[in-house]
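Visitor:
There are 2 protein chains.
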Amino acid sequence: MEAKFQELKTRLLEVDDLSSAAGLLYWDQSTYMPPGGAAARGRQMATLRRLAHEKFTDPGIGKLLDALMPYEESLAYDSDEASLLRVTRRDYERAIKIPAGFAAEVTNHTSESYQVWTEARPANDFERVRPYLEKTLDYSRQAANFFPGYEHIADALIESRDYGMNAAEVSRVFAELREELVPIVSAITSQEPADDSCLHQHFPEEKQLAFGLEVAKRFGYELDRGRLDKTHHPFMTKFSLGDVRITTRTKENFLGDALFSTLHETGHALYEQGIRMDLEGTPLAGGASSGVHESQSRLWENLVGRSRGFWYYYYPKLQSVFPEQLGAVSRDTFNRAINKVECSLIRTNADEVTYNLHVMLRFDLELALLEGNLEIRDLPNAWRERFDADFGIVPPDDKDGVLQDVHWYFGLIGGSFQGYTLGNILASQFYTSACKVHPHIPSEIKRKGEFNTLHNWLKANLYQHGSKYTASEIIERATGSALSIEPYMAYLRTKYGELYDLGNCSVA
Amino acid sequence: MEAKFQELKTRLLEVDDLSSAAGLLYWDQSTYMPPGGAAARGRQMATLRRLAHEKFTDPGIGKLLDALMPYEESLAYDSDEASLLRVTRRDYERAIKIPAGFAAEVTNHTSESYQVWTEARPANDFERVRPYLEKTLDYSRQAANFFPGYEHIADALIESRDYGMNAAEVSRVFAELREELVPIVSAITSQEPADDSCLHQHFPEEKQLAFGLEVAKRFGYELDRGRLDKTHHPFMTKFSLGDVRITTRTKENFLGDALFSTLHETGHALYEQGIRMDLEGTPLAGGASSGVHESQSRLWENLVGRSRGFWYYYYPKLQSVFPEQLGAVSRDTFNRAINKVECSLIRTNADEVTYNLHVMLRFDLELALLEGNLEIRDLPNAWRERFDADFGIVPPDDKDGVLQDVHWYFGLIGGSFQGYTLGNILASQFYTSACKVHPHIPSEIKRKGEFNTLHNWLKANLYQHGSKYTASEIIERATGSALSIEPYMAYLRTKYGELYDLGNCSVA
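Sequences listed follow chains R and W, in order. When you line the first sequence up against this note's numbering, it's residues 1 to 508, in that order. When you line the second sequence up against this note's numbering, it's residues 1001 to 1508, in that order.
1. What residues from chain R crowd round Phe1239/W, counting only those whose CB sits closer than 9 Å?
2. Using C-beta distances below 8 Å, list every residue in its chain close to Arg128/R, excluding the 5 sequence neighbours before and after it, in chain order.
3. Could you pull the start and end residues of the beta strand (DSSP E) that Met1236/W belongs to?
4. Assign Val1244/W to one of three DSSP states: helix, strand, or coil.
5. Within the continuous beta strand (DSSP E) that includes Leu1228/W, where are the two ends?
6. What whole-angstrom Cβ distance do Tyr1221/W and Ala1269/W have, given they're in contact under 8 Å?
7. At the 8 Å Cβ level, is Leu279/R part of the contact set with chain W, yes or no?
8. Does any C-beta atom of chain R lie closer than 8 Å to the C-beta of Ser1481/W?
9. By the DSSP assignment, the alpha helix (DSSP H) with Thr1494/W in it spans what residues?
10. Measuring only between beta-carbons, confirm whether Ser1171/W sits less than 8 Å from chain R.
11. Quick one: is Ala1021/W near chain R, going by C-beta distance under 8 Å?
12. Tell me the start and end of each unbroken beta strand (DSSP E) in the stretch 166-234 of chain R that is at least 3 residues and wholly inside, in chain order.
13. Does the distance from the CB of Phe1451/W to the CB of Arg1218/W come in under 8 Å?
14. Taking all protein chains shown into account, decide if Ala1508/W is buried (16 or more other Cβ within 10 angstroms of its Cβ) or exposed.
15. Sorted by chain position, which residues of the same chain lie with C-beta nearer than 6 Å to Leu213/R's C-beta, five sequence neighbours on each side aside?
16. Using 8 Å as the limit for Cβ to Cβ distance, is Leu8/R near chain W?
17. Tell me, please, whether the stretch 1453-1473 of chain W touches the stretch 1274-1290 of chain W by the rule of three or more beta-carbon pairs shorter than 8 Å.
18. Can you tell me the Cα-Cα spacing of Asp28/R and Asp1028/W, whole angstroms?
19. Out of Phe1322/W, Tyr1071/W and Ser1467/W, which one is the CA nearest neighbour of His1202/W?
20. Any beta carbon of chain R sitting closer than 8 Å to that of Glu1014/W?
21. So Glu127/R is in the alpha helix (DSSP H); what residue range does that whole segment cover?
22. Counting only the same chain and skipping the five closest in sequence on each side, list residues whose C-beta sits under 6 Å from that of Ser19/R.
23. Of all the options Phe1235/W, Gly1101/W and Arg1043/W, which has the alpha carbon lying nearest to the alpha carbon of Thr1247/W?
24. How should Gln1006/W be labelled, buried or exposed, when 16 other C-beta atoms within 10 angstroms of its C-beta is the threshold for buried?
25. What are the boundary residues of the alpha helix (DSSP H) that includes Asn381/R?
26. Use the C-beta contact count for Pro1283/W: other C-beta atoms within 10 angstroms, 16 or more gives buried, fewer gives exposed.
27. Using the beta-carbon count (16 or more within 10 Å), is Tyr496/R buried or exposed?
28. For a cutoff of 8 Å on Cβ pairs, would you count Leu65/R as touching chain W?
29. Could you tell me the alpha carbon to alpha carbon distance between Ser1140/W and His1233/W, rounded to whole angstroms?
30. If we define contact as Cβ-Cβ less than 8 Å, is Arg1227/W a contact residue for chain R?
31. The alpha helix (DSSP H) with Asn424/R in it runs from where to where?
32. Just to confirm before moving on: does the CB-CB distance between Ala67/R and Ala76/R stay below 8 Å?
33. Considering Cα atoms alone, identify which of Asp378/R, Gln418/R, Ser307/R and Asp278/R is closest to Leu263/R.
34. So which residues on chain R does Thr1107/W lean against when the C-beta distance must stay under 7 Å?
35. From Gly1256/W to Ser1330/W, what distance separates their C-alpha atoms?
Below, the structure written as structure tokens:
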């Protein structure tokens, strides 16, 4: 048994080496690669991913998993060994359902589609990507159908990112959230918008990057196991538990972009850096789900990084970095600026209140497309109508409407958006639980600018376990209850009740 | 046939993707990787290299090569297709002689050995690495013996880097060179050494890097297909013909290091960037041999970059970058400083005259070790004795003696040094041929600071062909004769005859 278990781990390590190498090729492409490298790089990443897939779906892995079944059953559920076998089995059974040829075909198609999208979006030309998106929808439906027996066709796609979730459950949570959220958005957006002109001044790039990195380090991000680089679309990536990198993007005429991107990606990185080192190289050395991962980027970006307490300590430091720009701006003005709520066109720039409406719009359109109740050719119009209904604005063009997100143009349709809102919900749930156990967390942040107690609670209750537990298991273990929107709504009501008049929305 | 040929190319492309990915992992390790990434990175590179080796030595490749033999014979020798088959066959037949397990064993051993060396060298502790080096010698002899029927045991090791060369031929060339070189070294080193204090001032890093890169661009290095980064031990690396990178190292108290490292690596990069794009992804997309590759780094670093003509144009520019440091230093003083000849301990810092004696010392010791005429335990002493004989200095310690070069501690013993001196010889041979066809090359450099004619001649006669031709074929094609030390000696006599009194050495 021991020998078979070791053989499995050796095989999984090889898969991990290939995937990690592919990850580094992507990081390099997004940071330092000269333009001439693009064509070969796409092919090289595809080769590594194909080999990783081939090695992982090799029948030899299946045989080892079969042989190790009695061993797994003899172990405690939450032992590392049983968890490794359980998670590997789950991933393996999923992976072998997708024919190797299909995965390669989809990769080629989405590469092409992405290329066309990068030109179609600036040209505001939905027609140009339409045939590609139709094919993508076709592939997405095929992918869903490799997992027959579903309740809803989107279920397998959702489950691939958020194991344990399905269309019905996400819809239920979203409906509940929506009902509470819409009146708050209305109450806020009917008021005078916050003045965020203090953020729209000239802020030299180097100083922005240095300040963001300094905060990341204070959060607990370890630079001997990570680094910060510039890119176009910020992301976090991991090549091993000893090498977890973040990227950010700067705008010299807007302070908010680099700073909050950096804190967001730091949240993801703290999760990965917090995983127990002895899970290295196994399928357990990752986050529990897309939603749980996102909860950590949101927690550090928003619940910490946009809080009054955080800036009580750090605003004087920011002012001393940018004395000309912020010396005369009060902390209150700054605080209102970084928490400005408005109905805007672009999801990635949206505030934490309206953000979820952007997600729900996409999630519902995905379901309709997969169900066959919406045709791709009608998608731009459906987008406009829904946007008007939810935000009271009609996007003036497709560029900032249906063409805005890369997701549908660089991957399958279905499963890729719900994690963002689940993350918002869970961020509050985890943070509230941490503060319940350690009520001095907010004052430690406010008075000392320190995050150790919060970080240690998250490491102990969430990060260290990697993906040993499913999302619902880890939520239950860490917070003592199932996923709930209560802490999130309480957080929004308290925070935005201080910034705006919420009228009768402020009463739960 | 066409289908089989395509299948072979597809398989070779996969091997190339894996090797290129391993190359990027190394580049990242040497430039940006945080220290925490080291352990996993070593394993990841080993996995990619092992898979590349497995894929390349797969019997399927052998079958395709066999089946394609009649096709190859039906083609012109210098057609791309025949060349691809010929070179692949040569590499394949070599690769399959080395058992896969052996390659992996050596990789593991040299990784360990390297690790120990990084500690033993600063500690001046040869005894610490001795057992590793003994094992390395053992592995080296084993490796040589996978190629029975040799004249000299080092032959296969030499041929792996410099195809067409063997111990007898290298020894013959080196003996011929040595006879001419030793009197010149004696003549020069008996004179007052040049004053190079102008190079030993404070030169801010950013300005050094910018100046070096500017010259690299003027040489013809294309930044949309390359980039320059800092590292500890400068190198050039290629991930595709569209992505050929160089690295350099700066010392703020010495101008010579970054500048000439950059020009050296630029020479390697010009070779790779000059390869015809349609050889991309095949075994033909590389240099002809270690010696021919080195000839290009030497040509651009020394024959161009340390020439009086080059600095006639560029010295005023360098002075304007460093007015405080060089404003009062004459061009002649600078020229003598960058061409200072002296008997020094360290190969990599040696001038272009004494450099070859460092190489010959190592080459001869390698032969003696492989022959069994020298034991590892006697190596430090043999080094000291030979050094004293050649340079009139006894190295005060092993750190700057037998422990100085990474080569023996990070790879096999044998074959890794001769390329440097072959490169010096060939640099002159190629440059002289280019100037014979285009006599205005020196004045184009001196008067206009331009390199197009030289670069274009090298592209047309050398670079574009990649490794279609062997070293001796390409030397013959480009220069009309076999490898010859004549142009090199003529170059040294002319150049150093202007800088020093060479006495009767100046007459050939």
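All C-beta atoms in this analysis are idealised placements derived from N, C-alpha and C, irrespective of residue type, glycine included. The structure displayed is predicted, hence computed values, not measured ones.
Guide: Quick look at the numbers:
1. In chain order: Leu25, Asp28, Met33, Gly37, Ala40, Arg41 and Gln44.
2. Taken in chain order, the residues that qualify are Val116, Glu119 and Ala120.
3. Annotation: the continuous beta strand (DSSP E) that includes Met1236/W extends over Met1236 to Ser1240.
4. Three-state result, Val1244/W: strand.
5. Residues Leu1228 to Lys1230.
6. Right, the Cβ-Cβ distance comes to about 6 Å (below 8 Å), so this counts as a contact.
7. Interface flag for Leu279/R against chain W is unset, since no Cβ pair is found closer than 8 Å.
8. Contacts with chain R at 8 Å (Cβ-Cβ) do not include Ser1481/W.
9. Boundaries of the alpha helix (DSSP H) harbouring Thr1494/W: Glu1486 to Leu1499, taken from the DSSP string.
10. Not closer than 8 Å to any Cβ of chain R, the Cβ of Ser1171/W fails to qualify, so no.
11. Yes, contact with chain R.
12. Within the stretch 166-234 of chain R, the runs of beta strand (DSSP E) at least 3 residues long that lie entirely inside it are, in chain order, 228-230.
13. Taking 8 Å as the Cβ cut-off, Phe1451/W and Arg1218/W qualify as a contacting pair.
14. Note that Ala1508/W has pLDDT 48, beneath the 50 cutoff, so the model's placement of it is unreliable and no number is given.
15. Closer than 6 Å at the Cβ level, and outside the excluded window around Leu213/R, lie Leu228.
16. Taking Cβ atoms only, chain W never reaches closer than 8 Å to Leu8/R, which makes this a no.
17. With the cut-off at 8 Å, the stretch 1453-1473 of chain W and the stretch 1274-1290 of chain W touch.
18. Rounded to whole angstroms, Asp28/R to Asp1028/W spans 9 Å at the Cα level.
19. For His1202/W, the nearest C-alpha among the options comes from Phe1322/W.
20. Closer than 8 Å to the CB of Glu1014/W there is at least one CB belonging to chain R.
21. It spans Phe126 to Asn145 - the alpha helix (DSSP H) in which Glu127/R sits, taken as one unbroken run.
22. Only Ala52 meet the Cβ criterion.
23. Looking from the CA of Thr1247/W, the closest CA among Phe1235/W, Gly1101/W and Arg1043/W belongs to Phe1235/W.
24. With fewer than 16 other Cβ atoms within 10 Å, it is exposed.
25. Residues Leu379 to Phe391.
26. So Pro1283/W ends up on the buried side.
27. Tyr496/R is buried by the Cβ-count criterion.
28. It does not: the Cβ of Leu65/R has no partner Cβ on chain W nearer than 8 Å.
29. The alpha-carbon of Ser1140/W is positioned some 24 Å away from that of His1233/W.
30. Chain R, which has a Cβ nearer than 8 Å to the Cβ of Arg1227/W, makes this yes.
31. Note, Asn424/R: alpha helix (DSSP H), Gln418 to Val437.
32. No, they are not a contact pair.
33. It is Ser307/R whose Cα lies nearest to the Cα of Leu263/R.
34. Listed along chain R is no residue with a C-beta nearer than 7 Å to that of Thr1107/W; the closest approach is about 14 Å.
35. Near 16 Å, if we compare the C-alpha coordinates of Ser1330/W and Gly1256/W.
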